[in-house]
Each structure stands twice: as structure tokens, then as C-alpha cells.
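Numbering (our numbering), first residue to last: 11 to 460. We put the beta carbon where it would ideally sit given N, CA and C, even for glycine.
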């Protein structure tokens with residue numbers, strides 16, 4: 011069960027509300043804040059809470075919640091936009107975090123300067139939008155609710171809170187101090203609660219509560235165990251005498267035959283060709299820059315080019331590892347055993363170490379730029395051992411499709427919310443592709459069921 015460990019807000023600048031079912035399995039949590047401290051915010055805070063109470067969120071099923079979050083906040087953005095325009099606030103938009111809990115699964119949306127992180131072992135890992143460099147972003151990039159005179163971007167995200175893990179929601183200024191200093195996770199609550207005088211003052215801490223230990227069952231005494239063995243031995247002796255002295259041999263033979271048949275069936279199933287190929291979105295990462303070349307990758311990291319910059323992200327956590335700038339825009343990136351080989355539009359080819367530092371520089375006559383950013387790909391049985399024939403990956407305007415290369419049969423199709431701009435080669439180590447849309451990096455798994 012997810013437990014509300016601590017929450018705090020200082021009206022009218024901030025508010026923190028929640029509602030839960032009687033058994034505690036379902037709940038929603040709301041955090042709203044603004045950079046100014048004006049009495050008109052009381053009416054805005056009340057309007058947000060009233061809209062959610064009238065929506066009967068706890069009656070919405072787990073299968074419908076993501077589409078509901080998109081439609082609700084897309085509509086509410088315009089209502090809030092009209093309300094904020096009537097105020098004297100300098101910044102006519104609010105920061106908001108809203109999460110719906112189903113047992114230990116959280117579906118949430120976040121807008122503006124509210125950020126969240128989860129405790130994993132002795133570390134804090136950011137969940138959703140990253141808090142770094144938020145203070146240098148424009149109001150448009152911050153995606154404040156009610157600010158823009160255009161439709162707002164709503165991206166629901168799903169997160170599973172493991173046992174004994176905690177989720178923290180903090181405003182930007184406090185998040186930079188807490189998340190950025192690698193604090194001791196065992197003393198997080200008193201550390202967060204020390205920011206009660208910050209502006210804005212707000213926090214929400216949720217924890218996956220460990221179930222209460224079940225009472226130990228009474229163990230059998232040695233006398234009771236000995237008596238059971240004697241009764242069992244007597245029963246076996248009676249059965250053996252009644253059915254003849256060959257019953258044990260026959261039983262062993264039948265058991266051996268059944269086990270042998272099961273093993274052969276398992277071997278056949280493992281060696282069967284793939285019958286079901288499916289494209290499934292595994293994760294999505296919002297990018298603060300525009301990608302200008304197809305993603306490159308190795309077993310641990312993915313590399314993205316944006317103009318004359320290269321960014322490296324860790325695949326397991328989607329954390330930015332490094333960023334390097336080069337003399338000219340980047341054309342293509344090729345990971346090698348020694349590091350990275352990079353072509354630039356000025357005709358130079360660079361050799362980079364694993365941290366992106368230049369090791370060698372070779373000037374060439376021809377420009378080696380990447381042209382086919384959305385070319386079709388073929389996956390062969392030599393690349394993917396789980397298939398028995400070649401399949402073709404076809405990039406679509408807003409998605410991807412898998413075809414049988416020989417018969418042209420459509421095996422799977424995946425729709426994306428935004429237009430597809432770049433598609434990587436097939437990552438046969440992680441069994442996935444890396445897709446770039448307008449402002450996101452998406453990992454698409456190739457699921458194969460025998």
C-alpha cells in the first residue's frame with residue numbers, strides 16, 4: 011500500500027490535496043504552486059480542487075486513466091487560462107503535479123516548476139521531467155498550465171513504486187538543493203521539512219509501505235514428525251503389498267516417460283519460429299533540444315546530435331551523461347570499440363573517447379553526412395535468433411510498421427503521438443529501436459512470442 015508520509019503547503023502560494031478510497035488502494039494527489047504570493051491565488055487553487063472533485067477521479071478505470079488525463083488537462087488548461095487572464099499576476103500560469111494511484115502504480119502529469127524523484131537503494135533518481143537547468147528555460151519550455159494561448163502538451167507518465175521506495179514532489183528551487191546534493195535517503199524527510207520557509211513552500215512524500223509481518227505458524231514437535239513418518243511408512247507398505255512388488259518400478263517408468271515428453275515439448279517450443287511480432291513503446295524521454303541526426307547507440311548509452319553538439323544518455327536511467335560541442339554541425343555518429351567516430355559538415359572526421367573528448371582529427375575531401383534518416387530496415391535471422399525469416403521495418407509519418415519481407419503481410423503497427431523524424435538501426439543487444447519525434451526520444455521494443 012502507498013502511504014502518505016508527509017505533505018506541506020503554504021496558501022495561497024501553494025496547495026497540496028489528496029483523496030483516497032476506503033481501503034486505501036486507490037487515491038489521487040494534487041500539488042499546485044505559483045512563484046507569486048497573491049490573495050487571488052486562493053480562488054485559482056479552489057477552482058483546481060473543485061474541478062477534480064467534480065470529475066470523480068476514483069471512479070475512472072486503470073485502462074482509461076491515461077486518455078482521461080490528456081483530455082481533462084487539455085480542456086482545463088483553457089478554463090484556467092481564462093481565469094488567470096482576469097488577475098493581476100505577472101506570470102499567468104501555474105505549476106501543477108497530479109497523480110492517480112492504483113495499488114502501487116502511479117499515473118501522473120506535471121507542468122511548470124514541480125519535479126519528482128524516487129529513492130532507489132541509496133540514490134535519488136529523477137522521474138518525469140528533469141529539474142536540471144529549469145531556471146534558464148523559457149516560460150513556453152516550462153509548460154505552465156494556463157499560460158499558453160495554444161493547446162498545451164499533456165504527457166501522462168506511468169511509474170511503479172517498489173517496496174520501501176519513496177516518491178518526492180518538490181518545487182524547482184527546493185528540488186535543486188535536495189536532488190542535486192546526493193542526500194542520505196534515510197534522512198530525506200527531515201531534510202525536506204527543513205524547507206518550510208522557502209518560497210514557494212511545498213512538498214509531497216509518498217512511500218510504498220512494507221506489509222505487516224504475518225504471525226509465525228506453530229512448528230511441529232519432533233514426536234509429531236516421527237509419528238507422521240511412521241504412519242506414512244505403514245500406508246506405503248500396505249499399498250505395496252496390495253498392488254504387487256512391481257508397483258514401484260512401474261511408477262518410476264511412467265514418471266520418467268512423462269518427464270522425457272515434457273522436456274521434448276519444451277525443446278520444440280524454444281526452437282519454433284516466431285509467430286507473433288509486436289512493436290511496443292518501452293519508454294519516452296522529453297528532449298530540451300532539436301535532434302538533427304539519427305540516434306547512435308552501444309550496449310549502455312544512446313548518442314544524439316543537435317547542430318554542433320553531441321549528447322550522451324544512459325539507457326538504463328535516461329540520465330544525461332555528457333554534452334560536447336564541436337567546430338561544425340555533426341553529420342553522423344558511429345560507435346566503435348575505441349569510442350565514437352563522428353563526421354562534421356566541414357569535411358573533418360573526428361575520433362572521440364567514451365566521454366566525447368577529441369582523440370584524433372582527419373580532414374577529408376568528401377563530406378560524409380548522413381542522408382537516409384528514415385530509410386527502411388531489414389532484420390534477418392542472423393541478427394535476431396528468435397525469427398525464422400526476414401522482416402522489414404517501415405517508418406510511417408506518425409509511427410512504424412513491421413512487414414513479412416517475403417509475403418508483405420502486416421505483422422505489427424505502432425502509432426506515435428508526434429511525427430517521426432529519425433529512426434536508429436536495430437539494437438540487437440536490447441531488442442529495440444530508438445525513435446526521435448518532434449521533442450522526444452522514444453524506445454520501441456521488438457516483442458517476439460514463439
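Item, Value
"Stretch-stretch touch, CB-based, cutoff 8 Å, three pairs: the region 179-196 with the region 118-134", "yes"
"Pair within 8 Å by beta-carbon distance, residue 455 and residue 290", "yes"
"Residues near residue 16 in its chain [Cβ-Cβ closer than 6 Å; skip 5 each side]", "199 and 215"
"Minimum C-alpha distance to residue 213 - residue among 148, 110 and 25", "25"
"Element boundaries [alpha helix (DSSP H), containing residue 314]", "From DSSP, residue 314 is part of no alpha helix (DSSP H) but of the beta strand (DSSP E) over 311-316."
"Terminal residues of the beta strand (DSSP E) in which residue 87 lies", "It is not in any beta strand (DSSP E) - residue 87 instead sits in the alpha helix (DSSP H) that spans 75-95."
"Same chain only: Cβ atoms within 7 Å of residue 164, ignoring 5 sequence neighbours per side", "79, 80, 83, 84 and 119"
"Residue 409 - containing beta strand (DSSP E), residue span", "409-414"
"Inter-stretch contact (C-beta, 8 Å, three-pair minimum) for the region 295-303 and the region 445-452", "yes"
"Chain-order list of residues whose beta-carbon lies under 6 Å from that of residue 334 (same chain, five-residue window excluded)", "320 and 366"
"Reduced DSSP category for residue 11 - H, G, I as helix; E, B as strand; rest coil", "coil"
"Status (buried if at least 16 other CB within 10 Å, exposed otherwise) for residue 442", "buried"
"Range covered by the beta strand (DSSP E) that runs through residue 286", "286-296"
"Residue 283 versus residue 397: straight-line alpha-carbon distance, rounded", "Bear in mind that the predicted position of residue 283 carries a pLDDT of just 49, short of 50, making it too unreliable to give a figure here."
"Residue environment, residue 299, which counts as buried when at least 16 other CB atoms sit within 10 Å", "exposed"
"Outcome for residue 161 when other beta-carbon atoms lying within 10 angstroms are tallied against a minimum of 16", "exposed"
"Element boundaries [alpha helix (DSSP H), containing residue 59]", "51-64"
"Residue from 433, 427 and 109 with nearest C-alpha to residue 170", "109"
"DSSP three-state assignment for residue 236, whether helix, strand or coil", "helix"
"Where residue 145 sits in the DSSP three-state scheme", "helix"
"Residue 153, buried or exposed, once every other Cβ within 10 Å from all chains shown has been counted against 16", "buried"
"Rounded C-alpha distance that separates residue 379 from residue 407", "In this predicted model, residue 379 has a pLDDT of only 44, less than 50, meaning its place in the structure is not dependable; the value taken from the coordinates is given anyway. Rounded to whole angstroms, residue 379 to residue 407 spans 23 Å at the Cα level."
"DSSP state of residue 69 mapped onto helix, strand, coil", "helix"
"Beta-carbon proximity list for residue 201, same chain, < 6 Å, skipping 5 on both sides", "193"
"Alpha-carbon spacing of residue 357 relative to residue 306, whole angstroms", "20 Å"
"Proximity of residue 316 and residue 343 at Cβ, strictly below 8 Å", "no"
"DSSP state of residue 364 mapped onto helix, strand, coil", "coil"
"For residue 135, the residue or residues it bridges with in DSSP", "128"
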